[in-house]
Every structure is written in C-alpha cells, then in structure tokens.
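First the structure, in the form of structure tokens, and then the observations on it.
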Amino acid sequence: MPTEAPVLRVRAVSKSFGAVAAVQGVSFDLYGSEAHALVGENGAGKSTIVKMLAGVHRPDAGTLELDGVPIELTTPADAKAAGIAVIYQEPTLFPDLSVAENIAMGRQPLGRFKTIDRAAMIKQAEQLFTRLGVSIEPSRPARGLSIADQQLVEIAKALSADARVVVMDEPTAALTGVEVERLFAVARSLRDDGAALVFISHRFEEITALCERVTIMRDGKHVSTDLVSEVSVDEMVRRMVGRELGALFPKQDVTPGAVVLSVAGLTRDPVFADVSFEVRAGEIVALAGLVGSGRSEVVQSIFGVDPRDAGTVTVAGKKLKPASPRAAMAAGVALVPEDRRQQGLVMELSIERNVTLPRSRALSQLGFLTGSNERRSAKEWTQRLKTKYGRLQDEVGTLSGGNQQKVVLAKWLATAPKLLIVDEPTRGIDVGTKAEVHRLMSSLAAEGVAVLMVSSELPEVLGMADRVLVMREGRLVAELDRERATEESVMFAAMGQEATV
Amino acid sequence: MTAAPTRADSTSSAVKLPAVVARRSTLDLVLRARELGIVLALAALVAVTAISNPRFLSSQSIRDILLGTAILAVLAVGQAVVVITRNIDLSVGSVLGLSAFTVGTLLRDNPGLPVVVALLIGAGVGGACGAVNGVLVRYGNVPALVVTLGTLYVVRGITYFWAGGQQINADELPAGFLDFGNATLLGIPYLVLIALLVLVITGVVLRNYRVGRELYAMGSSPQAARLAGISVGRRTIGAFGVSGALAGLAGVLFAARFGTIDAAAGTGYELNVVAAVVVGGVAVFGGSGSVWGAALGALLLTTIASSLAVLEINQFWQQAIVGGLILLAIGADRLVAARVAASLKKRGSHVS
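Heads up: the protein sequence lines correspond to chains A and B, in order. With the first sequence counted from 1, adding 5 to any position gets you our numbering. With the second sequence counted from 1, adding 14 to any position gets you our numbering.
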C-alpha cells in the first residue's frame, strides 16, 4: 500500500450542463504507482470527470489538488503542463503527420535556429517504443494505424511528457484480446515507474487484473472508493445500479400477436455480427447493452440507414431491401433516432412541416403540398401527444427537448407504422414528459404496434419491456423475459459476467 | 510529409528494420509523385509547345511566364498556408487590388518613397485585411468560405469607392519603381527573386518550425489540435494574416509589373490562386501538401496560359483546360490517397 501523500486529489467537484447535474460533489485520491479504476453505468459522470482532468471542462465547484497544491485547468494545455495525460477511447492523433511528430507535437526537439531536429525526434520516438516494447515505425503517418496502435502512440505521448497522472477512458473497448494484453503490460510498466493511473472500463475482469483501487459512481455522485481486493464484483455491480424502481413505467399487459419484425443473422463488419430476434405485434422489446455495444447500429441497419453485410430483415412477412430507408418506410417501419437534433428533426422548419415531412407525398394534391392538409394532420397528431407549442408555424428548434421528442414521435406515428423503433426515447427529457412518452409507447403497443426500443436507462428497460435483448460487443448475448430481467441480470449480461447473485 | 528523410534516421532504422525502410521508400515515391507529376506535365507542355513554335523558348517569353508566375506564386503560397489549416481565403484578389491601389496612390504623391517601403506598406495593408478575416473566422465561428467571400466584396467595394473610376498610369509612377518591376539580378527578375524568397522562407517555416507543424496539425484534426494544447485561434488568425500580407505584397509586385492600376486590379485572381494550390497537391481538407507544390501549380497554370497563346489555341479553351486540370488533380489525389491508405493498412498492426 502506498503510504505517501496522493499525487492528485479530486476534491468535491461538481459540474452541470444546463439543468443536468453530470457530477455532484465527487472526491477521490490518486496515488503514484497505483492503478485506480473508475466505474459506473452509462451517464454516471465518469467521462465528465475525465474531461475535467483533461482541462476540457472546468468544475463548477470543488478543486483539483496536485501534490497538495490546488490547480486550475482551464485548457487542455494546462492539463498537459500539469503532467496529466488523457488517452481517449477514440485516440486523437493527427492522421497526416508522422507518428514521431504526433508524439512530439509542441515539444519537438530543436536544433540550430530553433528548427525541428527530425533525426532526434524520430530517435526519441524509437526510444519510447523500445521502452514500451512495441514496434511502431516512427516515420510513418498516423493514418491507417489500428486503434490499439493509436493508443500506444498516445501512451508514448504521455511518456514523453513525463506525465504523472495517466487517464485511460475505456481504452479496451475496441481492442482484441491480444491487444488488451499488450496494453496492460504497458500500463503496468507505467504504473511501476511511479505514474498514477486512472482506468475506466466496463469489464470487471480487467479492473481486477489491473487495478489496486476502485471508485464507484452512480448518477453523478460518488458511491464508494475501496481497494479492489476488498470488494467483490457482485458488490460493485450492486453499488453501480442500486436504486429503487419507481412506478413510472406503466406497461399494459398485451397478448403478443403475429410476428411483425424478424431479423435473422444480421451482420455488419465490424460493428455487430449474427444478430437474430423477433418482435411481435403488441410487444415492447428492449435492446439493452452498454454504449458502443452495437445497439443503435443494429436498428439503423434494420431501418436501412446503414448498410448490412449479411442477414435478412423481414417486416410483416416481407423481406426488406438492404440500405433503403424508403423500402423500410413503405413496409411500415418508423425510426425515432437517438439524436433528434441531427437526425430526427429539421430544426429550422416549422412544427407542422416537420410532422408531415415523411408523408409530404400522400398529403399533396397534384404534386402540390397544400397548407390546409398539412395543418389539419399536424394539429391532430400534436394534440394526441399533448405537445406544448405556441403556433404550429413556429420553428421546431424553439421547443423544449421533451416537446421536440413528441414532434418526432408525431411525425412517425402519423405514418401509422406497424413497427416503431425508438432509440433512446427519453434521453435528455424531464421526468414528466418521460412518463408521457412511456404512456404513449404503451398505448401504441396496446393498439397492436410492435415496438423495438434501444435504451441505456435500465429502469426504463425493465419497466417498459416485455422482453429484454442484451447486446455486448456486437453480439446478442442474452434474452431475458420480464420475470427474469433485473438490473443485475441485465448488467451482468451486458458486461460479460456470469449472474451469480 | 517525409519528403526528405534525413540521412541519420534512414541509417539508424536501416540497422533494425531493413524491410520497413525498403517499403517506406516506395511509399515516399507515391507521396512525392504529386510534385513529380506536375513537373512531368510541365515538361511535356513545354516540349510540345516549343516543338510547334520555338519562339516559346525565347528569353522574352520565358521572362513573361516567370513574371506572371511570380505574382501568382506569392498569392498561392499564402493561400496554401490557409488551406493547410483547413480554411480558405477567397479575398486575396480584392486584397491585391486594394494594396496595389494604395501603393500606387502613395507613390504617385510621394515619388521619393523607397521600393522597400512600398513593399512593406503593401504587405501591411494586406496583413490587416487578413487579420480581419482571421478574427471573423475565429470569433464569428463562421466558415472561412463565407467570411472571405464577404470580405472579397467588401474590400473590392472599398477600393472602388476610393478610386472612384480613376486610374493610376505608368507615367504617374516614379521611374525607380517601374525599373524595379523590370530590373534583374544575374538575369533573374527581382519579382521572381522576391517570390522565391517568400517561397523558401514559408516552406522552411512550415516544414521545420513548430509553428508550421502546428498549422498542419490543425488542418489534420482540429479537435486533436485543441486537445494537444495548440492555440488554434491564434494560429488561424496568423495564417490568414500571412495570406493577406502576401496578397498585399503581390499587389505591389502587380503595380510594379503592369504600371497601370485601377480599382479592378486582381479581379477574379482568387480562383486562379485556389486552382494553383489544388493542382499543386495541397489537400482542400487541410493537413497535407506543401507550398512548393502550390508554387509549381502556379507555374503550370501560367505556362498553360501562355502556351495556348503560342499554339494559337482559342483563349476560351484555357478555362476549360484549367478546370479539367483541377478535376484531374483531385482525382489523382483520391487515387493516391486510397492507395496510400491501403498500403498503410497493410503495414498496420504488428500484433497478429
């Protein structure tokens, strides 16, 4: 056990984005020569902590102390100067520049007249790679490096800056087994050289293999910090999810009807492979899993926004043409996308125009859109969804997040879909609107619509879904019916742990 | 990027990784093929034109081409600096006009003004315009395309308002200044020497100084540049400042070469300049290319213009040919990029 003073102390930091409190009063200490795991569900605030350490976000309250001295990190350059290096899940390299240059950027060795000494720069990179025990060619451009190699370049960058705190944000998410092993070897040697490591991962076997200490976060708050040896995996999971399920989710019981959606062997390299499942009329099926497990990609492929490499998608007995949202829409599929600002709405257009957009052909007469038709239809649907707005002609962008989501729903429900796919239907909307969206999905199911829901919110998944499909790393790993689906069983499946509760 | 690997590094890695070095040289060749391609096209063009009309290689003709290239190349070097940062500067033609008219007016009223001062004033006027562009792009958070399209018209409008239809003629300019436009040193016109100086200095700064590499980094990945602690805003303003200053300098060269300046001087130059930069292999998405390529592009475009005249091909074809060349250059870039990407992937991970 390191008995010396912590290298970095995170002291009661808080950070809010608008009305959302991402991190509230979190404290923990980082010691040299120690790997510290940071775990929590999606949205628990881990990434916000990382961004504060990286100087990207400034804490609203609380301080960071380096060697007992409070520091202010206002820019990434400050964090770099303070000796904090951050390795993101998606490394941030300059693809056009050489590997050596990527490592040395801002600290290039200088020769005569302050010109960059390329030979020394390449030598420096070679030495770093030797120390890390990897063989990446320093003079090649960074473009085309695998994610694993890019991370190693990032680590070399941290080494060259003599970083004392190295933060790794889900570094293993995109790596293969061998690559993870190699990364761990490098991480251990970093740690043994005295660096304080912060390691974020959803895989418990990695945490127990690498880390000495673990901090658990939930809903932006600090839950506990313990030695890894003193807390079991089961206990960690329990602390991560532990919350009461409210009565927010009123799913009516419906006897499932005919199969509406049938997906067989759906594959898209390298995002997901061999995904097969069915959704029946009147059913709400949830697609759960961690961010990046391939859930959104699967539904986008079903709808035809993304192409697929293999497999079939059948809707109401009709096979869908791949990569054709138009065919999917014609077959009665509606997709409410994850990012409504980017994909779901045209922010500059009026509410009524947005609602009628997918049906502009059906509503037009002799090829002309008539305002009265549009207005009547838009009015009907926005009233059914209890959307709050000033005038139907107002820009959609002026509405609140929850009401925007209702407009997206109105837009697709007006097409009378047989299959409704919703991706994160209640992300970023308030509790009241959330309940309305849930009530609506439930009543749709009761009317015989098949609903496929992607959601990262476990309570929502458990409350709404008749069945829960769990994805992990691009594969469907579990199918749990209502009785067997609990927070623990879903989380265990999503993280690849056996349910031993 | 690895245009000239230093001897030290190729020998040191040759000891450890002989195979890799062999493959690297082929890759280098592909990357350098861009500039090589322009040189070959240029050589072919000169050969064909010279065979059909030997007067094309007369010293007067070559001199004309070089003088024309000098002005375009100075503009292209500035433009390349901006394009490398994933921006564009469309205002250069207007800035050239404003600078030429400013310097022309000053010289008419103060015939004793030294040429060096005239050059500095021109660069200063242009630099100020460029800084305005940079500030608008940086703080307005507006794409450079839109900002500089706006300043293109604003600057031109100011020049028209100021000139009010008047023209500065050669006989109003001091003889010393006009001599500077024609004089040579060791047979090379001063204008060409100035262009070469600009080219070499900018080329060295971009390649061998931290500031230069940061410009490439910004263009290569703006997000990563911010995370790497590069002061992106300041560098953006700087890049536009350089482009503006060089456009201003080109304005003085323009005045010295043609002697006649009105408010329309340099109209439409911006498209020639962008064409030269693109043909010269500077990627429009930033991060790669060199000022050498941009200057070669300027030389090629100027040579095409005069060889068409010599070959008695209708001048109207010139635009179509330049357009075709741009498409060809972009096509070649795509092809090379795809091949490089494939070869880099193949050399990819050493874990297997």
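Just so it is clear, CB atoms sit at the ideal spot from N, CA and C, and this is done for glycine as well. All values reported here derive from a predicted model rather than from experimental measurement.
_Taking the straight line between their C-alpha atoms, what separation do you get for Glu525/A and Gly468/A?_
Limits of chain A in this structure are 6 at one end and 506 at the other, which puts residue 525/A out of reach.
*Taking only beta-carbon positions, decide if Ser304/B is within less than 9 Å of chain A.*
Numbered from 1 along the second sequence, position 290 holds the residue referred to as residue 304/B. No, because no Cβ of chain A sits closer than 9 Å to the Cβ of Ser304/B.
*asked:* For Thr79/A and Lys20/A, what's the separation of their Cα atoms in angstroms?
replied: As a first step, residue 79/A must be located in the first sequence, where it is residue number 74. As a first step, residue 20/A must be located in the first sequence, where it is residue number 15. Going from the Cα of Thr79/A to the Cα of Lys20/A covers about 14 Å.
*Just reading off the alpha helix (DSSP H) that Gly316/A is part of, what are its end residues?*
Here the question's residue 316/A lines up with position 311 in the first sequence. Unbroken run through Gly316/A is the beta strand (DSSP E), Ala315 to Val320; no alpha helix (DSSP H).
_Cβ-based burial, Asp198/A [other Cβ within 10 Å; buried from 16]_ = Residue 198/A sits at position 193 when you count from the first residue of the first sequence. Per the 10 Å Cβ criterion, exposed.
*Find the nearest neighbour of Val60/B within the set Ala334/B, Leu315/B and Arg353/B, judged by alpha-carbon distance.*
For the purposes of this step, residue 60/B is identified with residue 46 of the second sequence, where counting begins at 1. Ranking Ala334/B, Leu315/B and Arg353/B by Cα distance to Val60/B puts Leu315/B first.
*Quick one: what does DSSP say Ala59/A is sitting in, helix, strand or coil?*
Position 54 of the first sequence, counted from the first residue, corresponds to residue 59/A. When DSSP states are grouped into helix, strand and coil, Ala59/A belongs to the coil group.
_DSSP beta-bridge partners of Gln410/A_ = Counting from 1 along the first sequence, the entry for residue 410/A is found at position 405. Beta-bridge partners of Gln410/A (DSSP): none assigned.
*Can you tell me which of Ala321/A, Asp224/A and Ser329/A puts its alpha carbon nearest to the alpha carbon of Leu266/A?*
For the purposes of this step, residue 266/A is taken as the residue at position 261 of the first sequence. The shortest C-alpha separation from Leu266/A is found at Ala321/A.
*asked:* Strictly under 9 Å for the Cβ-Cβ distance: is Ile121/A near chain B by that measure?
replied: Within the first sequence, residue 121/A is the residue found at index 116, counting from 1. Chain B contact via Cβ: present.
*Is any beta-carbon of chain B found at less than 9 Å from that of Phe99/A?*
Here the question's residue 99/A lines up with position 94 in the first sequence. Yes, because at least one Cβ of chain B sits closer than 9 Å to the Cβ of Phe99/A.
*Indicate whether Leu110/B and Gly262/B have their beta-carbon atoms separated by less than 9 Å.*
Position 96 of the second sequence, counting from 1, holds the residue named residue 110/B. Position 248 of the second sequence, counting from 1, holds the residue named residue 262/B. Cβ distance < 9 Å, so Leu110/B and Gly262/B count as in contact.
*asked:* So for Met458/A, helix, strand or coil by DSSP?
replied: To locate residue 458/A, count along the first sequence from 1; it is residue 453. Strand at Met458/A.
*alpha helix (DSSP H) containing Val232/B: first to last residue?*
To locate residue 232/B, count along the second sequence from 1; it is residue 218. According to the sequence provided, residue 232/B is Met. The question's Val does not apply to it. Unbroken alpha helix (DSSP H) run through Met232/B: Arg224 to Ser234.
*Give me the Cβ distance between Glu175/A and Gln94/A, rounded to the nearest whole Å; I'm assuming they're in contact under 8 Å.*
Start at 1 with the first residue of the first sequence, and residue 175/A comes out as number 170. Start at 1 with the first residue of the first sequence, and residue 94/A comes out as number 89. About 4 Å separates the beta carbons of Glu175/A and Gln94/A, which is inside the 8 Å limit, making them a contact pair.
_Between Leu234/B and chain A, is any beta-carbon pair separated by less than 9 Å?_
If you number the second sequence from 1, residue 234/B lands on position 220. One detail in the question is off: residue 234/B reads as Ser in this sequence, not Leu. Interface residue, yes.
*If we ignore side chains and look at the alpha-carbon of each, how far apart do Pro11/A and Val96/B end up?*
Along the first sequence, one-based indexing puts residue 11/A at 6. Along the second sequence, one-based indexing puts residue 96/B at 82. The alpha-carbon atoms of Pro11/A and Val96/B are separated by roughly 46 Å.
_Range covered by the alpha helix (DSSP H) that runs through Ser194/A_ = Stepping through the first sequence from its first residue, residue 194/A is reached at position 189. Gly182 to Asp197 is the extent of the alpha helix (DSSP H) around Ser194/A.
*Can we count Leu112/B as close to the ligand SAH, meaning its CB is less than 8 Å from some heavy atom?*
Among the components modelled here there is no ligand, and therefore nothing to report on the ligand SAH.
*Inter-residue spacing [alpha-carbon to alpha-carbon] between Leu127/B and Ala114/B*: The residue given as residue 127/B occupies position 113 in the second sequence. The residue given as residue 114/B occupies position 100 in the second sequence. Going by the C-alpha atoms only, they are around 15 Å apart.
_Contact residues within the region 331 to 342 of chain A, judged by C-beta distance below 7 Å to chain B_ = Result list empty, no residue passes.
*Taking all protein chains shown into account, decide if Val203/A is buried (16 or more other Cβ within 10 angstroms of its Cβ) or exposed.*
The count along the first sequence starts at 1 and reaches residue 203/A at position 198. The residue is buried, with at least 16 neighbouring Cβ atoms inside 10 Å.
*asked:* Below 8 Å on C-beta distance, what does Tyr230/B contact in chain A?
replied: Here residue 230/B refers to the residue found at position 216 of the second sequence. By Cβ distance, chain A contributes Phe99, Asp101 and Leu102.
*CB-CB under 8 Å to Glu343/A, same chain, minus the five flanking residues each way: which ones, in chain order?*
Here residue 343/A refers to the residue found at position 338 when the first sequence is read from its first residue. The residues Ser301, Asp428, Glu429, Arg432 and Val459, in chain order, have a CB closer than 8 Å to that of Glu343/A in the same chain once the five nearest residues on each side in sequence are set aside.
_Using a Cβ-Cβ cutoff of 7 Å, what residues of the region 156 to 189 of chain A are near chain B? List them in chain order._
Val183, Glu184 and Arg187
*asked:* In whole angstroms, give me the CA-to-CA distance for Lys384/A and Val351/A.
replied: By one-based count along the first sequence, residue 384/A stands at place 379. By one-based count along the first sequence, residue 351/A stands at place 346. Near 18 Å, if we compare the C-alpha coordinates of Val351/A and Lys384/A.
*Taking the Cβ atom as the reference point for each residue, do Ser105/B and Val169/B lie within a distance shorter than 9 Å?*
Sequence index remark: in the second sequence, residue 105/B carries index 91 (1-based). Sequence index remark: in the second sequence, residue 169/B carries index 155 (1-based). Yes, the pair counts as a contact, with Cβ atoms nearer than the cut-off.
*Are there 16 or more other CB atoms within 10 angstroms of the CB of Glu210/A, so buried, or fewer, so exposed?*
Residue mapping note: residue 210/A aligns to position 205 of the first sequence, counting from 1. That one is exposed.
_Report the CB separation of His227/A from Ser52/A in whole angstroms; it is logged as a contact under 8 Å._
The residue given as residue 227/A occupies position 222 in the first sequence. The residue given as residue 52/A occupies position 47 in the first sequence. About 15 Å; that fails the 8 Å criterion.
*Selected residue, minimal CA-CA separation from Leu71/A, among Ile121/A, Tyr394/A and Ala168/A*: Here residue 71/A corresponds to residue number 66 of the first sequence, with the count starting at 1. Comparing Cα positions, the closest option is Ala168/A.
*asked:* Taking the beta carbon of Ile54/A as the centre, do at least 16 other beta carbons fall within 10 Å, making it buried, or is it exposed?
replied: Position 49 of the first sequence holds residue 54/A. Ile54/A is buried by the Cβ-count criterion.
*Counting only beta-carbon atoms, is Asn101/B nearer than 9 Å to chain A?*
Residue numbering aside, residue 101/B sits at position 87 when the second sequence is read from its first letter. By this cut-off, Asn101/B is not an interface position.
*Residues near Lys324/A by beta carbon distance below 8 Å, same chain, minus five either side*: As a working note, residue 324/A is residue 319 in the first sequence. Excluding positions up to five away in sequence, the list reads Thr317 and Val318.
*asked:* Alpha carbons only, please: which of Gly297/A, Arg193/A, Glu441/A and Leu418/A is nearest the one belonging to Lys391/A?
replied: Against the first sequence, residue 391/A aligns to sequence position 386. With distances taken between Cα atoms, Lys391/A lies closest to Glu441/A.
_For Val288/B, the first and last residue of its enclosing alpha helix (DSSP H)_ = Your numbering for residue 288/B matches position 274 in the second sequence. Val288/B -> alpha helix (DSSP H) spans Tyr283 to Val293.
_Same chain, Cβ closer than 8 Å to Gly282/B, neighbours up to 5 away in sequence not counted_ = Within the second sequence, the letter at position 268 stands for residue 282/B. Contacts found: Gly107.
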